[in-house]
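Participant: Let me give you the structure first, and then I'll get to my questions.
2 protein chains.
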Amino acid sequence: MSQTPIIFYDIPSSLPGNAWSPNTWKTRYALSIKGLPYKTEWVEYPDIAALAKKIGAPPTSTKEDGSPSYTLPIINDPNTGKVISDSFLIAEYLDATYPDGNTLFPPGTKPLIRAFEAGVVGALEGVLMLQLVFSCYILNPSSEKYFRATREAVFGKKMEEFSPEGAKRDADVAKSKGDLTAVDSWLAKSGGKYVMGNTISYADGVLAGWLMWIKVTDGIWKDVATWHNGRWATYLTHLDSHATIN
Amino acid sequence: MSQTPIIFYDIPSSLPGNAWSPNTWKTRYALSIKGLPYKTEWVEYPDIAALAKKIGAPPTSTKEDGSPSYTLPIINDPNTGKVISDSFLIAEYLDATYPDGNTLFPPGTKPLIRAFEAGVVGALEGVLMLQLVFSCYILNPSSEKYFRATREAVFGKKMEEFSPEGAKRDADVAKSKGDLTAVDSWLAKSGGKYVMGNTISYADGVLAGWLMWIKVTDGIWKDVATWHNGRWATYLTHLDSHATIN
Chain A
1 MSQTPIIFYD IPSSLPGNAW SPNTWKTRYA LSIKGLPYKT EWVEYPDIAA
51 LAKKIGAPPT STKEDGSPSY TLPIINDPNT GKVISDSFLI AEYLDATYPD
101 GNTLFPPGTK PLIRAFEAGV VGALEGVLML QLVFSCYILN PSSEKYFRAT
151 REAVFGKKME EFSPEGAKRD ADVAKSKGDL TAVDSWLAKS GGKYVMGNTI
201 SYADGVLAGW LMWIKVTDGI WKDVATWHNG RWATYLTHLD SHATIN
Chain B
1 MSQTPIIFYD IPSSLPGNAW SPNTWKTRYA LSIKGLPYKT EWVEYPDIAA
51 LAKKIGAPPT STKEDGSPSY TLPIINDPNT GKVISDSFLI AEYLDATYPD
101 GNTLFPPGTK PLIRAFEAGV VGALEGVLML QLVFSCYILN PSSEKYFRAT
151 REAVFGKKME EFSPEGAKRD ADVAKSKGDL TAVDSWLAKS GGKYVMGNTI
201 SYADGVLAGW LMWIKVTDGI WKDVATWHNG RWATYLTHLD SHATIN
């Protein structure tokens, strides 16, 4: 491809390769599935709002106090001058702007892939709070401080109290294992290595993005990797070629 | 088409036209979307198990006491000799056996339509218990007695206590209105009159099936019909031509 690389803003960590966030992983997978050259720019949490305002990226939601909330992923496409926030909107933009090659949304599937993502996130509800804690452990100091303070303010308690080791954590993890049984049964209808059979799509960006978060933060991945006959670990390997960090 | 009509077993009611059950509505929509001739045979609840055993229809789940649970819809296809239980399996069978005309599952969409149905059912959680009560009011006596007894045994209380008028019911209904906001946002991505844009699919059988249950039992349809700018009422009219009861 002759495009100038798309600038992709992601949040760094202390991990080799930096990448960890599920929402930005979705965009990385989307860019790779589309076969588009991109270059990651790493932005610590406290610097996201200033960056977004500077490059004209819209907020993705509104905070409780009514002020705009700026989040990553954001892409800045020098080929079109467009700056887009929000992983789903980015995926839609990529399909619309670069119709060649793989299609992230086969015709008519946008509502279904939205529903699929809601189902995946819902199934991970048991481990989401736990994942926030594990994420703290791999963030760089300035991001960790910001991430911890904002999440603790929302939930009104210390991160380490979200899903403390013991009965509470065991129940949280068991809940997600149970809830993922539904997702496992959906994938059993795929008939191929991707969510949509042998057709790769944004549904894979979604599922692999959320799984990668669990894998790289490494708190309960050793458990999750064994669940449902190893489906989640095996599935991620099918997306290996799209997990390269450029 | 030259097929002999498929025999479709459904549960009657006191409503004009009889049909009311969401799970069997899904199959009626599926048969109609496929353009297949069918003939409904009406079976009261207490007679389902005997029918299933007689025609060789497998159970769809196992009861708490370990005995098999037989449910409708069931179809008996005289063209192939096949007898199938379970709305999703029936839809898969229809696509596989009758590949002409509309496709219920466009390639790769089975896992996504599974996820979509889980999302729709989840969004209706607030009104499900209420819908069970409304269903009692339109069932014929033998089915009502069976339906009421089995549901009350599962939940350990009288049907009328499931979602009594007042604060509890108001909260239940408000929950579903809130949860359906997500489904509304998914459909906003459709770009057409069906779930998958202008392509009809089994996702429509699912959504219309669940909505028809609410509509025909008529308890809170007057509210639901106004929610989300009338989306649910308008949507159902798009499926009107597939709601004929044969």
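These protein sequence lines map, in sequence, to chains A and B. Under UniProt numbering, the very last position in the first sequence is 246; numbers go up by exactly one each time. Under UniProt numbering, the very last position in the second sequence is 246; numbers go up by exactly one each time. Using N, Cα and C, we set each Cβ at its ideal position, and we do this for glycine too. On a predicted model such as this, the values are computed, not experimentally measured, just so you know.
Using the beta-carbon of each residue, which ones in chain A are nearer than 7 Å to S113(B)?
Facilitator: For this step, residue 113(B) is matched to residue 113 along the second sequence. The sequence shown places Ile at residue 113(B), rather than the Ser named in the question. Per Cβ cutoff of 7 Å: L112.
Participant: Report the rounded CA-to-CA distance for L104(B) versus Y202(B), giving the unit in angstroms.
Facilitator: Position 104 of the second sequence holds residue 104(B). Position 202 of the second sequence holds residue 202(B). Looking at the two C-alpha atoms, the distance is approximately 5 Å.
Participant: If you count every other CB in all the chains shown that lies within 10 Å of the CB of T217(B), and 16 or more means buried, which is it?
Facilitator: Along the second sequence, one-based indexing puts residue 217(B) at 217. Classification for T217(B): buried.
Participant: Beta carbons nearer than 9 Å to chain B: which residues of the segment 151-184 of chain A have them?
Facilitator: So the list reads A182 and V183, given in the order they occur along the chain.
Participant: Residues of chain A with CB under 8 Å from M196(B), in chain order?
Facilitator: Residue numbering aside, residue 196(B) sits at position 196 when the second sequence is read from its first letter. Simply P107, G108, T109, P111 and L112.
Participant: Given a cut-off of 7 Å, decide if A91(B) and residue 323(B) are closer than it, judged by their beta-carbon atoms.
Facilitator: Absent from the model: residue 323(B). The displayed extent of chain B is 1 to 246, so no value can be given.
Participant: Could you tell me whether the Cβ atoms of G219(B) and D172(B) are closer together than 7 Å?
Facilitator: Walking along the second sequence from the start, residue 219(B) turns up at place 219. Walking along the second sequence from the start, residue 172(B) turns up at place 172. Not in contact: G219(B) and D172(B) (Cβ atoms no closer than 7 Å).
Participant: Between the Cα of R28(B) and those of S87(B), S67(B) and S69(B), spot the shortest distance and give me the residue it belongs to.
Facilitator: As a working mapping, residue 28(B) is identified with position 28 in the second sequence. The residue from S87(B), S67(B) and S69(B) with its alpha-carbon nearest to that of R28(B) is S87(B).
Participant: With a threshold of 7 Å between beta-carbons, can T62(A) be considered close to chain B, or not?
Facilitator: As a working note, residue 62(A) is residue 62 in the first sequence. Chain B places no beta carbon closer than 7 Å to that of T62(A), leaving this residue out of the contacts.
Participant: Look up Y38(B) in the DSSP assignment and say whether it is helix, strand or coil.
Facilitator: Counted from its first residue, the second sequence places residue 38(B) at position 38. If DSSP states are grouped into helix, strand and coil, Y38(B) belongs with the strands.
Participant: Write down every uninterrupted run of the alpha helix (DSSP H) in the segment 96-146 of chain A whose length is 4 residues or greater and which is fully enclosed by it, in chain order.
Facilitator: 110-123 and 125-138
Participant: Is the CB of L187(B) under 7 Å away from at least one CB in chain A?
Facilitator: Counting from one through the second sequence, the residue named residue 187(B) turns up at place 187. So, interface residue.
Participant: Which residue from I55(B), A182(B) and P37(B) puts its Cα closest to that of A115(A)?
Facilitator: Along the first sequence, one-based indexing puts residue 115(A) at 115. For the residues I55(B), A182(B) and P37(B), the minimum Cα distance to A115(A) belongs to A182(B).
Participant: Check whether the segment 232-240 of chain A and the segment 40-60 of chain A touch, using three or more Cβ-Cβ pairs below 8 Å as the test.
Facilitator: Pairwise C-beta distances place the segment 232-240 of chain A out of contact with the segment 40-60 of chain A, as fewer than three of them are shorter than 8 Å.
Participant: Would you list, in chain order, the members of the UniProt domain "GST N-terminal" (11-102) of chain A that have their beta-carbon closer than 9 Å to a beta-carbon of chain B?
Facilitator: Listed by position, the residues of the UniProt domain "GST N-terminal" (11-102) of chain A near chain B (Cβ gap below 9 Å) are F88 and E92.
Participant: Would you report the Cα separation of T71(A) and A188(A), rounded to the nearest angstrom?
Facilitator: Looking up residue 71(A) in the first sequence gives position 71. Looking up residue 188(A) in the first sequence gives position 188. Between T71(A) and A188(A), the C-alpha separation is close to 34 Å.
Participant: Closest by CA to S185(A), which one among I113(B), W25(B), T62(B) and T80(B)?
Facilitator: Within the first sequence, the letter at position 185 stands for residue 185(A). For S185(A), the nearest C-alpha among the options comes from I113(B).
Participant: Select from K110(B), D240(B), T4(B) and F147(B) the residue whose C-alpha is nearest the C-alpha of M196(B).
Facilitator: Your numbering for residue 196(B) matches position 196 in the second sequence. Closest in C-alpha terms to M196(B), from the list K110(B), D240(B), T4(B) and F147(B), comes K110(B).
Participant: What is the rounded straight-line gap between the Cα of P68(A) and the Cα of S85(B)?
Facilitator: Indexing the first sequence from 1 puts residue 68(A) at position 68. Indexing the second sequence from 1 puts residue 85(B) at position 85. Taking C-alpha positions only, P68(A) is separated from S85(B) by approximately 51 Å.
Participant: Taking only beta-carbon atoms, is T199(B) less than 7 Å away from chain A?
Facilitator: Position 199 of the second sequence, counted from the first residue, corresponds to residue 199(B). Chain A, which has a Cβ nearer than 7 Å to the Cβ of T199(B), makes this yes.
Participant: Going by other Cβ atoms of all chains shown within 10 Å of its Cβ, with 16 needed for buried, is K215(A) buried or exposed?
Facilitator: As a position in the first sequence, residue 215(A) is number 215, starting the count at 1. With 16 or more Cβ atoms within 10 Å of its Cβ, K215(A) is classed as buried.
Participant: Given 8 Å as the limit, is there contact between the segment 133-143 of chain A and the segment 9-18 of chain A, that is, 3 or more CB pairs closer than that?
Facilitator: yes
Participant: Hey, is G126(A)'s beta-carbon within less than 7 Å of any beta-carbon in chain B?
Facilitator: Counting from one through the first sequence, the residue named residue 126(A) turns up at place 126. By this cut-off, G126(A) is not an interface position.
Participant: For Y194(A), which residues does DSSP report across the bridge?
Facilitator: Here residue 194(A) refers to the residue found at position 194 of the first sequence. Looking at the DSSP assignment, Y194(A) forms a beta bridge with G197(A).
Participant: Who are the Cβ neighbours of P106(B) in its own chain at under 8 Å, not counting the five residues just before and after it?
Facilitator: On the second sequence, residue 106(B) is found 106 positions in, with the first residue counted as 1. Around P106(B): M196, T199 and S201.
Participant: Between which two residues does the beta strand (DSSP E) containing V83(A) stretch?
Facilitator: Along the first sequence, one-based indexing puts residue 83(A) at 83. Where V83(A) is concerned, the enclosing beta strand (DSSP E) stretches over K82 to S85.
Participant: What residues match up with I6(A) in a beta bridge as DSSP calls it?
Facilitator: As a position in the first sequence, residue 6(A) is number 6, starting the count at 1. For I6(A), which the question treats as bridged, DSSP gives the partners Y38(A).
Participant: Going by DSSP, name the residue or residues bridged to I48(B).
Facilitator: Here residue 48(B) corresponds to residue number 48 of the second sequence, with the count starting at 1. Partner residues in a beta bridge of I48(B), as assigned by DSSP, do not exist.
Participant: Could you work out which residues of chain A lie near F116(B), taking near to mean beta carbons separated by less than 8 Å?
Facilitator: As a working mapping, residue 116(B) is identified with position 116 in the second sequence. For the C-beta of F116(B), the chain A residues within less than 8 Å are, from N- to C-terminus, P111, L112, A115 and F116.
Participant: Near N23(B), which residues of its chain fall below 8 Å by C-beta distance, leaving aside the five closest residues on each side in sequence?
Facilitator: The residue you call residue 23(B) lines up with position 23 of the second sequence. Cβ neighbours of N23(B) beyond the five flanking positions: T71, L72, P73, S87 and G209.
Participant: Please confirm if S190(B) has its CB atom under 7 Å from at least one CB of chain A.
Facilitator: Here the question's residue 190(B) lines up with position 190 in the second sequence. For S190(B), the answer is yes, since a Cβ of chain A falls inside 7 Å of its Cβ.
Participant: Are any of the Cβ atoms in chain B nearer than 7 Å to that of I209(A)?
Facilitator: By one-based count along the first sequence, residue 209(A) stands at place 209. The sequence given here places Gly at residue 209(A); Ile does not occur at that position. Not closer than 7 Å to any Cβ of chain B, the Cβ of G209(A) fails to qualify, so no.
Participant: Would you give the residue range spanned by the alpha helix (DSSP H) that I74(B) belongs to?
Facilitator: In the second sequence, counting from the first residue as 1, residue 74(B) sits at position 74. Per DSSP, I74(B) belongs to no alpha helix (DSSP H); it is in the beta strand (DSSP E), I74 to D77.
Participant: Starting from the beta carbon of G230(B), find every residue of chain A whose beta carbon is closer than 9 Å, and list them in chain order.
Facilitator: As a working note, residue 230(B) is residue 230 in the second sequence. Simply none; closest approach about 18 Å.
Participant: Can you confirm whether G219(B), when its beta carbon is compared against all beta carbons of chain A, has any partner nearer than 7 Å?
Facilitator: Counting from 1 along the second sequence, the entry for residue 219(B) is found at position 219. Closer than 7 Å: no.
Participant: Counting only beta-carbon atoms, is G205(A) nearer than 7 Å to chain B?
Facilitator: To locate residue 205(A), count along the first sequence from 1; it is residue 205. No, its Cβ sits nowhere closer than 7 Å to a Cβ of chain B.
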